[in-house]
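Notes follow once the structure below has been shown.
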Amino acid sequence: MRTLIHQVLQREEPLDEVQVAGWVRTRRDSKTFSFLELNDGSCMQNIQIIADSDLDSYGDVEKLSTGASAEITGKLVPSQGKNQKWELLATEVRLLGACPDDYPLQKKGHSREFLRSIAHLRPRTNLFSAVFRVRSRLAYAVHQFFQERGFIYVHTPIITGSDCEGAGEMFRVTTLDPHAMKPQKDENDFFGTPTYLTVSGQLEGETFACALSNIYTFGPTFRAENSNTSRHASEFWMIEPEMAFCDLQADMQLAEDMVQYLIKDTLTHCEADLKFFNQFVDKGLLERLQHVIDNEFKRLPYTEAVEALINSKQKFEYPVEYGLNLQSEHERYLTEVHFKTPVTVCDYPKEIKPFYMRRNDDDKTVAAMDLLVPGIGELVGGSQREERIDVLEGNMAQHDLSMEDYGWYHDLRKYGSVPHAGFGLGFERLIMFVTGVSNIRDVIAFPRTPGSAGF
RNA sequence: UCCUGCAUAGCUCAGCGGUAGAGCGGGUGGCUGUUAACCACUAGGUCGUAGGUUCGAAUCCUACUGCAGGAGCCA
48 MRTLIHQVLQ
58 REEPLDEVQV
68 AGWVRTRRDS
78 KTFSFLELND
88 GSCMQNIQII
98 ADSDLDSYGD
108 VEKLSTGASA
118 EITGKLVPSQ
128 GKNQKWELLA
138 TEVRLLGACP
148 DDYPLQKKGH
158 SREFLRSIAH
168 LRPRTNLFSA
178 VFRVRSRLAY
188 AVHQFFQERG
198 FIYVHTPIIT
208 GSDCEGAGEM
218 FRVTTLDPHA
228 MKPQKDENDF
238 FGTPTYLTVS
248 GQLEGETFAC
258 ALSNIYTFGP
268 TFRAENSNTS
278 RHASEFWMIE
288 PEMAFCDLQA
298 DMQLAEDMVQ
308 YLIKDTLTHC
318 EADLKFFNQF
328 VDKGLLERLQ
338 HVIDNEFKRL
348 PYTEAVEALI
358 NSKQKFEYPV
368 EYGLNLQSEH
378 ERYLTEVHFK
388 TPVTVCDYPK
398 EIKPFYMRRN
408 DDDKTVAAMD
418 LLVPGIGELV
428 GGSQREERID
438 VLEGNMAQHD
448 LSMEDYGWYH
458 DLRKYGSVPH
468 AGFGLGFERL
478 IMFVTGVSNI
488 RDVIAFPRTP
498 GSAGF
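Going by my numbering, the letters in the first sequence line up with residues 48 to 502, in that order.
Quick look at the structure:
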């Protein structure tokens with residue numbers, strides 16, 4: 048019976064017999080024995096194995112090159128060496144899969160670009176195994192956060208007929224012949240109507256919030272935008288809570304609580320991995336994360352954000368002026384330089400926000416909010432939704448949205464309308480923030496970006 | 001989509017008009033309770049592709065392709 052290396056290395060007492068299995072990181076031969084470093088991905092550390100040349104199975108040891116897989120049984124004893132507490136004195140070594148010398152992963156560092164080209168092997172590196180352990184823990188913590196607060200997990204559709212206006216270009220889902228010379232009618236398509244991969248589950252999520260009160264979605268979303276940046280991917284995961292009987296203040300509070308909760312959870316449960324990131328990826332990471340959980344987030348209206356930017360006398364490439372969207376450089380200045388802490392900006396001019404956001408009493412702004420964090424920029428975008436049927440109808444007319452397409456959304460206001468609010472949080476951006484990894488392609492197992500969908 | 005930069009050995013890079021280099025990795029041998037082990041030897045390249053300038057191009061010019069960083073869009 049095999050034991051995970053993670054569990055073996057946590058032992059307080061020696062063991063007469065234990066079996067581990069994994070992939071060889073390196074082998075160092077001595078005259079009468081070999082040192083093996085074995086890793087099984089259960090934790091950052093390798094287990095050091097001493098394989099004596101007297102072993103019946105020493106023939107297998109000599110075939111254990113970097114990358115080979117093996118199953119090793121032995122005695123766990125305190126190590127004579129300096130760099131590890133325990134080592135395994137092998138009694139039996141069994142080669143499972145040999146690894147030819149064209150194995151692309153070396154003991155030395157590789158560039159991220161090269162590792163992306165071997166995305167099927169990169170989880171075997173320290174960096175990527177750590178990223179994906181943290182990703183797994185964060186996903187678990189997301190569910191824990193919402194479940195502890197009585198939120199219901201709703202699975203909104205991946206294939207959708209609605210286009211969640213304003214959220215970006217969509218991928219068409221169709222069974223029509225792409226090589227057909229003649230135009231084909233949508234009625235002949237699989238669903239009898241044009242369908243797409245979802246860009247957001249928000250509108251569907253609202254229908255469930257207006258029945259189950261507090262809900263959240265957590266799943267893949269798709270954008271066909273031709274975005275070529277380190278923060279955008281064509282397929283990414285999004286967390287979208289939606290709360291009935293809720294205003295923007297409570298919405299912002301939930302977003303801020305959630306970010307702090309998730310960071311605390313990761314600091315507690317992924318300590319070794321975060322230390323690794325702090326040492327090799329981003330030297331200021333632990334300090335920054337600690338700062339985020341120890342301090343309240345700065346909260347201010349868009350109008351004050353614009354004033355702060357103008358008063359800063361900072362030179363920006365793009366102009367700062369009431370009524371214009373905040374650019375990346377503005378957002379990053381606010382969170383990285385001006386306040387040096389996560390910042391939630393709210394109450395944006397209605398002209399620059401989508402139709403479903405709730406009009407404020409000033410008739411100029413809407414109850415929208417963006418949560419900005421250092422190094423990433425926008426992590427969360429959310430709003431209180433327009434629950435007044437007449438105002439929503441006006442907005443729909445202004446945006447040329449038909450009752451045919453949005454009738455069901457309009458119905459939520461027609462039948463027992465309630466104030467409600469929610470937000471979307473990009474899961475990969477959260478992982479980037481927590482790990483310090485600066486490219487979204489390195490926190491997704493097999494990233495999809497324009498012109499690239501390998502594996 | 002725009003702007004900028006890069007493309008040389010399996011990997012990371014140097015060379016920047018005059019006979020293609022290093023480190024790591026691989027192979028062989030040695031040494032050692034080692035730990036990104038160490039020492040010696042060795043194999044390995046149409047210098048991204050296609051044109052052009054030149055006596056001569058990895059090196060200069062043009063186009064294309066790919067990649068990266070930034071911008072826009074957003075999460």
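Glycine included, each C-beta is placed from N, C-alpha and C at the ideal position.
Closest Cα partner of residue i within the set the options
i: Arg74; options: Asn93, Gln57, Phe470, Tyr456; result: Asn93
i: Leu85; options: Lys110, Gly114, Ala280; result: Gly114
i: Phe269; options: Ala291, Gly483, Gly473; result: Gly473
i: Tyr187; options: Met48, His316, Ile491, Leu356; result: His316
i: Met479; options: Phe283, Gly208, Ala137; result: Phe283
i: Thr482; options: Ile199, Gly208, Asn235, Ser183; result: Ser183
i: Gln131; options: Asn273, Asn442, His226, Gln95; result: Gln95
i: Leu314; options: Val339, Ser449, Ile97, Gln300; result: Val339
i: Ala258; options: Pro497, Gly501, Val465; result: Val465
i: Asp489; options: Thr172, Leu301, Phe238; result: Thr172
i: Gly128; options: Asp410, Ile97, Ala145; result: Ile97
i: Lys154; options: Val71, Met305, Glu398; result: Val71
i: Arg335; options: Val353, Leu356, Lys311, Glu354; result: Lys311
i: Phe323; options: Leu83, Val484, Leu168, Tyr150; result: Val484
i: His190; options: Phe402, Gly208, Pro494, Met285; result: Met285
i: Gln337; options: Val328, Val306, Phe363; result: Val306
i: Phe193; options: Glu398, Leu301, Pro396; result: Leu301
i: Asp447; options: Ile436, Val384, Phe402, Glu354; result: Phe402
i: Gly498; options: Ser274, Lys360, Phe292; result: Ser274
Per DSSP, cross-strand counterpart(s) of residue i
i: Cys393; result: Pro348, Met416
i: His467; result: Ala291, Arg432
i: Arg406; result: Val413
i: Lys507; result: The question about residue 507 has no answer here: the residues shown for the chain are numbered 48 through 502.
i: Ser116; result: Trp70, Gly144
i: Gly331; result: BP columns for Gly331 are empty, so no partner.
i: Ser81; result: Asp76, Ala98
i: Leu504; result: Not covered by the structure: residue 504. The range shown for the chain is 48 to 502.
i: Glu160; result: None; Glu160 has no bridge partner.
i: Met479; result: Met479 is not bridged to any residue.
i: Leu314; result: Note: Leu314 sits in no beta bridge, so no partner.
i: Ser499; result: Thr496
i: Gly422; result: BP columns for Gly422 are empty, so no partner.
i: Leu244; result: Ile206
i: Tyr263; result: Tyr200, Pro288
i: Glu282; result: Phe269
i: Gly473; result: Met285
i: Val65; result: Gly121
Close Cβ partners of residue i (< 6 Å) along its chain, the five nearest in sequence each way excluded
i: Ile206; result: Val220, Thr242
i: Thr264; result: Val201, Thr203, Gly248, Gly252, Glu287
i: Asn342; result: Thr388
i: Leu142; result: Asp107, Lys110, Ala117
i: Glu289; result: Gly252, Glu253, Ala256, Ile262, Gly469
i: Ser303; result: In the sequence on display, residue 303 carries Glu and not Ser. For Glu303, where only same-chain residues beyond five positions count, the Cβ hits under 6 Å are Phe344.
i: Glu272; result: Gly215, Glu216
Contact set for residue i: own chain, Cβ-Cβ below 7 Å, skip 5 residues either direction
i: Asp320; result: Met91, Ala177, Arg180, Val181
i: Asn407; result: Asp394, Val413, Ala414
i: Leu477; result: Leu185, Leu309, Leu426
i: Asn486; result: Arg159, Ser277
i: Arg163; result: Arg488
i: Met299; result: Arg346, Thr391, Cys393, Met416
i: Lys397; result: Arg406, Lys411, Thr412, Val413
i: Asn325; result: Leu332, Leu333
i: Thr240; result: Gly208, Asp233
Cβ distance (whole Å) where residue i is taken to contact residue j below 8 Å
i: Gly424; j: Gly471; result: About 14 Å; that fails the 8 Å criterion.
i: Ser77; j: Val108; result: Contact doesn't hold; Cβ gap of about 12 Å is too wide.
i: Gln431; j: Arg460; result: Incorrect: roughly 13 Å between the Cβ atoms, too far for contact.
i: Leu439; j: His467; result: Between His467 and Leu439 the Cβ distance is about 12 Å, and since that is not below 8 Å, they are no contact.
i: Pro151; j: Ile165; result: 5 Å
i: Asp236; j: Leu244; result: Actually they do not touch by this definition, with Cβ atoms about 15 Å apart.
i: Glu451; j: Asn442; result: About 17 Å; that fails the 8 Å criterion.
Residue i Cβ short of 7 Å to the ligand ZN heavy atom set
i: Gly454; result: With respect to the ligand ZN, the structure offers nothing, as it holds no ligand at all.
Sequence-distant residues of its chain with Cβ nearer than 8 Å to residue i (five each side left out)
i: His491; result: In the sequence on display, residue 491 carries Ile and not His. So the list reads Ala280, Glu282, Phe283, Glu475, once near-sequence residues are dropped.
i: Pro170; result: Gly88, Ser176, Phe179, Ala492
i: Leu419; result: Glu378, Arg379, Leu381, Thr382, Pro389, Val390, Thr391, Val392, Glu425, Leu426
i: Asp294; result: Ala414, Gln431, Pro466, Ala468
Handout entry: contact_flag[the region 364–372, the region 345–354] where n(CB pairs < 8 Å) is 3 or more
Key = Output reads yes: the region 345–354 touches the region 364–372.
Exercise for the section: Report yes or no: do three or more beta-carbon pairs, one from the region 53–65 and one from the region 97–115, lie closer than 8 Å? Expected result: The region 53–65 is not in contact with the region 97–115.
Handout entry: Segment contact, 8 Å Cβ cut-off, at least three pairs: the region 136–144 with the region 99–106
Key = Counting Cβ pairs under 8 Å, three or more are found: they touch.
Exercise for the section: Evaluate contact between the region 59–72 and the region 120–133, counting only Cβ atoms and requiring at least three cross-stretch pairs below 8 Å. Expected result: By the Cβ test, the region 59–72 is in contact with the region 120–133, since at least three Cβ pairs between them sit closer than 8 Å.
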